[in-house]
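Residue numbers (UniProt numbering): 1 to 254. Here is the structure we will look at, set down as structure tokens.
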Amino acid sequence: MPQTLSTSDMVTPGNLSPVPAEPTDGEQARQPLLDGAPSSASLETLIQHLVPTADYYPEKAYIFTFLLSSRLFIEPQELLARVCHLCIEQQELDKPVLDKAQVRKFGTKLLQLLAEWTETFPRDFQEESAIGHLKDVAGRIAPCDEAYRKRMQQLLQALHQRLAALGQGPEGLVGANKPISYRTKPPAAIHRELLGVCSDPYTLAQQLTHVELVSRPAPPSPQTRTGAWCFPTAKSEPEPKHCVFCPRNKRSAD
């Protein structure tokens, strides 16, 4: 019978009641799912769910939600290092001879994940070590398809431009004349434009995140980002050794 861990060993953000122990390999398939993604799991399991394979790519909403919320438990640079390590390990990219057909199917999904990550959270790649991880994993898949090298160069160029825009503040990101033109428009017109740009909750969440990132001189801390839904435990309790992430589902939203 699996042992139940205490709240000092495992925590669910927004709900501090004890949760079941991490499932074994045989139990992994029976995890509670939310639109195809784990609704509650250990940090390691959630990182694994982020890593693409030749036949699997994580849901777009899961990528955004986990990349935003996981920084409460792990630094983005460390998360990137672990994702790249898992990719190399699972696809055997450190072998002298690669399965080119397999790597071609995997490489497209990997570059797609990195493109979404760099576009949504460019500040995660300010450190030279983060750029090093990108170049390393791209260099391992490039021999199977030279197009990967070109796509990575385009990705890095777009990343540098985005980081430069972030350094200029909101005006540099959206265009110097944008705030002025918005102030001259009636509220109804602005409202219609907002609905046109953010027609679904996912896009709106992304745009609000961009506003938060560029409105501060420094990136907001994990506690600031997640303080609205993650409540501290009692002062006497030690820091959790294992953490789990539980995205809000439709029932809890109701």
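We treat Cβ as the ideally placed atom computed from N, Cα and C, and that holds for glycine.
Query                                                                                                                               : Result
Unbroken stretches of the alpha helix (DSSP H), 4 residues or longer, contained in the UniProt domain "N-terminal Ras-GEF" (34-164) : 43-50, 60-69, 76-90, 100-120 and 128-141
Sub-8 Å separation of Leu134 and Pro52 beta-carbons                                                                                 : no
Straight-line Cα distance separating Cys198 from Gly107                                                                             : 30 Å
Assumed close pair Pro143, Leu98 - CB separation to whole angstroms, cut-off 8 Å                                                    : 7 Å
Pairwise C-alpha distance: Lys100 and Glu127                                                                                        : 31 Å
Cα-Cα separation, Gln207 to Phe66                                                                                                   : 16 Å
Of the residues Ala164, Ala61 and Asp145, the one placed nearest Arg104, counting alpha carbons only                                : Asp145
Contacting residues, own chain, Cβ-Cβ under 8 Å from Thr203 (five flanking each side not counted)                                   : Val197
CB-CB length for residue 306 against Ile141, believed under 8 Å                                                                     : What the structure shows of the chain is the stretch from 1 to 254, and residue 306 is not part of that stretch, so it cannot be assessed.
Proximity below 8 Å, CB of Ala158 to CB of Arg149                                                                                   : no
When Leu68, Glu75 and His49 are compared against Leu86, the one with the closest alpha-carbon                                       : His49
Integer-rounded CB distance, given that Ile47 should sit under 8 Å from Leu68                                                       : Leu68 to Ile47, Cβ: 14 Å. No contact.
Inter-residue spacing [alpha-carbon to alpha-carbon] between Glu59 and Gln112                                                       : 12 Å
Gln102 and Ala54 closer than 8 Å at C-beta                                                                                          : yes
Backbone CA spacing between Ala164 and Pro201 [nearest angstrom]                                                                    : 28 Å
Exposure label - Pro96; buried when at least 16 CB within 10 Å                                                                      : exposed
Through-space distance from Thr118 to Ala147, alpha-carbon basis                                                                    : 19 Å
Nearest neighbour of Ala81, chosen from Thr45, Gly132 and Phe121 [CA to CA]                                                         : Gly132
Residue from Gln77, Pro122, Ile88 and Tyr57 whose Cα sits closest to the Cα of Gly167                                               : Pro122
Spatial distance of Thr45 from Glu89 (CA atoms)                                                                                     : 16 Å
CB-CB length for Ala130 against Asp136, believed under 8 Å                                                                          : Going by Cβ atoms, the distance from Ala130 to Asp136 rounds to 11 Å, so no, they are not a contact pair.
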